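Let me begin by presenting the structure, written as structure tokens, before commenting on it.
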Amino acid sequence: METACFLCNALRTITPECSCGEVMLDSGPVTDYTGPYSPYFNVSFASEYCLHLFTCPACGNDQIIAVPLCVIREP
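See below:
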């Protein structure tokens, strides 16, 4: 069964609110900051979630949000 992150693949967006009241921006998957660079690094997920880093443009706070993966079904 293949899975994909709907945020990484621009299928949907989410807009979490920071504690200061501003909307946080998606800064991408955490693996972009901690893992080796490879355009295919996230092709095979070992988890049911993709961890995304969200950053507040106003106060600079960061928050990691676990985004559930969606199942890709073949036609």
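Everything in the sequence shown is counted per the working numbering, starting at 239 for the first residue and increasing by one.
Built from N, CA and C at the ideal position, the CB exists for glycine as well.
Just so it is clear, the structure is predicted and the values come from calculations on it, not from any experiment.
Go through its chain and collect everything with a Cβ distance to residue i's Cβ below 8 Å, but skip five positions before and after it.
i, result
"glutamate 260", "Cys294, Pro295, Ala296, Cys297"
"tyrosine 287", "Ala304, Val305, Pro306, Leu307"
"cysteine 258", "Cys294, Ala296, Cys297, Asn299"
"leucine 289", "Pro267, Val268, Thr269, Ile302, Ile303, Ala304, Val305"
Would you call residue i buried or exposed, if buried means 16 or more other Cβ atoms sit within 10 Å of its Cβ?
i, result
"leucine 249", "exposed"
"proline 267", "buried"
"cysteine 243", "buried"
Where do the ends of the beta strand (DSSP E) carrying residue i lie?
i, result
"threonine 241", "240 to 242"
Whose CA, out of the options, lies closest to the CA of residue i?
i, options, result
"glutamine 301", "Ala242, Phe244, Asn247, Thr253", "Thr253"
"cysteine 256", "Ile303, Glu286, Glu312", "Ile303"
Just to confirm, are residue i and residue j a CB contact at a threshold of 8 Å?
i, j, result
"serine 265", "leucine 291", "yes"
Ordered along the chain, which non-local residues of its own chain (more than five positions away) have a Cβ less than 7 Å from that of residue i?
i, result
"leucine 263", "Phe292, Thr293, Pro295"
"cysteine 308", "Thr241, Ala242, Phe244"
Over the uninterrupted alpha helix (DSSP H) stretch that includes residue i, give me the two end residues.
i, result
"threonine 293", "Note, threonine 293: premise wrong, no alpha helix (DSSP H); beta strand (DSSP E) at 287 to 293."
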